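J.:
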Amino acid sequence: GRAKKSFIYLLLDPSFTQNLQHDETLDQKKLFKRFLSSIFYIGKGKHTRPYEHLIEAKAIQLKSRLEGASKKVEKILDIWKNGDGVISIEVFKNSLPVVAFNREAAMIEAIGLSNITNIKRGQFYGSCKSWSNSDKRRWGCLLLFKAFHIFLHEGENQLRPGDL
């Protein structure tokens, strides 16, 4: 579609962030590393897409059966079990879907699939498809750094089962 309704969302583990926007003892490089460590899922969405993962986790939690739960859902449940809430941040809002898909893919490429719970890599479209892997990763790093600054400005808002 041509509607600019897409965005990128990141699901974060607050045991890593620990209100890092209020931590004045660390330099920006260390804060950025902590931010990257907190990311456990990167997605492209619109409307309420980020919350669908939390609703899925809540449904599994109510059944008290983890069988067949994805790593992402298991991570959400672990965060809740520790008494914390999942942090969901939306970045690069009002994007065309194809642009959002490219951004999602670049960010996943930069952070590394093995470091998050995403099942598959993102998909590149258009001219981005022909970029070198290092250029895709470099762009992904820049996008993650911008997301980090958005997070610092917007702050940490945890979502618990009772919030859904």
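So for the sequence shown, the numbering used here puts the first residue at 86; every next one is plus one.
Ideal Cβ positions, reconstructed from N, Cα and C, are used throughout, including at glycine.
Note that this is a predicted model, so its numbers are computed, not measured.
Across the region 149-166 and the region 175-188, are there enough close Cβ pairs to call them in contact, namely three or more that are closer than 8 Å?
T.: As far as the Cβ criterion goes, the region 149-166 does not touch the region 175-188, which means the pair count is below three.
J.: Any idea if LEU111 is buried or exposed, counting beta-carbon neighbours within 10 angstroms, 16 or more meaning buried?
T.: Exposed, by the Cβ-count rule.
J.: Might you give, ordered along the chain, the residues of its own chain that have their beta carbon closer than 6 Å to the beta carbon of SER123, omitting 5 neighbours on each side?
T.: So the list reads LEU97, ASP98, PHE101, THR102, once near-sequence residues are dropped.
J.: For the region 87-96 and the region 115-131, state whether three or more C-beta atom pairs, one from each stretch, are separated by less than 8 Å.
T.: A contact exists between the region 87-96 and the region 115-131.
J.: Over the uninterrupted beta strand (DSSP E) stretch that includes PHE92, give me the two end residues.
T.: It spans 91-97 - the beta strand (DSSP E) in which PHE92 sits, taken as one unbroken run.
J.: Please state if the CB of GLY128 and the CB of GLU256 are separated by a distance shorter than 8 Å.
T.: What is shown of the chain runs 86 to 249, which leaves residue 256 out entirely.
J.: What does GLY128 pair with, by DSSP beta-bridge criteria?
T.: Partner(s): TYR94.
J.: Comparing alpha-carbon positions, which option in GLU137, GLY130, ASN167 lies nearest ALA185?
T.: The residue with the shortest Cα to Cα distance from ALA185 is GLY130.
J.: DSSP state of GLU175, grouped into three classes?
T.: DSSP places GLU175 in strand when its eight states are reduced to three.
J.: Does the region 236-243 come within contact of the region 104-118, defined as at least 3 CB pairs closer than 8 Å?
T.: Because the criterion of three Cβ pairs below 8 Å is met, the region 236-243 and the region 104-118 touch.
J.: What residues in its chain sit with their C-beta under 8 Å from that of GLY211, if we drop five residues either side in the sequence?
T.: The residues are VAL183, ASN187.
J.: Tell me SER180's beta-bridge partners as DSSP assigns them.
T.: DSSP, once it has assigned bridges, lists SER91 as partnering SER180.
J.: Using three-state DSSP, classify GLN243 as helix, strand or coil.
T.: It is a strand residue.
J.: Residue range of the alpha helix (DSSP H) that ARG134 falls in?
T.: That run of the alpha helix (DSSP H) goes 134-148.
J.: Cutting at 7 Å between CB atoms, please list the residues of its own chain near LYS156, excluding the five before and the five after it.
T.: Taken in chain order, the residues that qualify are THR202.
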